[in-house]
Each structure stands twice: as structure tokens, then as C-alpha cells.
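Please read the structure below before turning to the comments.
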Amino acid sequence: MPIYAYGCSSCGLKKDVMQKMSDAPLTTCPECGKETFAKQLTAAGFQLKGSGYYATDFKNPTQPKTAGAEPACAPCGSASSCPMANGNA
């Protein structure tokens with residue numbers, strides 16, 4: 000079950016409440032009893048840590064490594080036959 004942050008605009012009470020996603024939002028403040036209790040906007044509670052999230056998780060292991068290959072020209076994709084790759088364009 001998710002934990003929601005609630006706050007009262009009347010008395011300033013801040014409280015975290017665990018409730019189902021299908022439950023109706025709380026509106027009555029447990030401290031002052033007024034109908035000013037509402038959900039607060041909070042930051043996401045996860046972080047992607049480590050080096051190379053995409054490089055390590057979605058790499059195709061069957062592709063051969065091209066060590067020492069010439070860099071390809073970005074516009075056309077060829078290596079040495081492109082005039083743009085040789086600086087002639």
C-alpha cells in the first residue's frame with residue numbers, strides 16, 4: 000500500500016497515511032477537526048544508482064565488439080568513403 004503525505008491548511012498538521020489507492024482521500028483533520036486536510040505533492044521515492052544503467056541492463060550480448068574500428072560519419076554512416084568524414088565537405 001502506498002504512503003500519502005497529508006497536510007492541514009488550518010492548523011499546519013503534517014501526517015503520512017498508509018492507504019489503498021482505491022480509498023477516498025481524507026478531508027477531516029485529526030488534530031483540529033476541520034475539513035482542510037488534503038494530500039500533499041511529494042517527490043518520488045526512488046533513485047537509479049550505479050554506473051551505466053542502460054549500458055549494463057539492455058546490452059545485446061551477441062553483438063561482436065568493434066575494437067579499433069574507424070568512427071562512422073554521423074550523416075551517412077560510412078567510415079572512410081564519406082567526404083564529410085574526411086573533412087572535404
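Residue numbers (numbering that gives the first Met the number 0): 0 to 88. All C-beta atoms in this analysis are idealised placements derived from N, C-alpha and C, irrespective of residue type, glycine included.
By the neighbour-count criterion, in which 16 or more other beta carbons inside 10 Å mark a residue as buried, CYS31 falls on the exposed side.
CYS31 sits in coil when the DSSP states are folded into three classes, being neither helix nor strand. Going by C-alpha positions, GLN46 is about 19 angstroms away from TYR3. Within a 10 Å sphere around the beta-carbon of CYS7 sit 16 or more other beta-carbons, which makes this residue buried.
When secondary structure is reduced to three states using DSSP, MET0 falls in the coil class, being assigned neither helix nor strand. GLN18 and LYS38 have their C-alpha atoms spaced approximately 12 angstroms apart. In the three-state scheme derived from DSSP, where H, G and I count as helix and E and B as strand, LYS48 is classed as coil.
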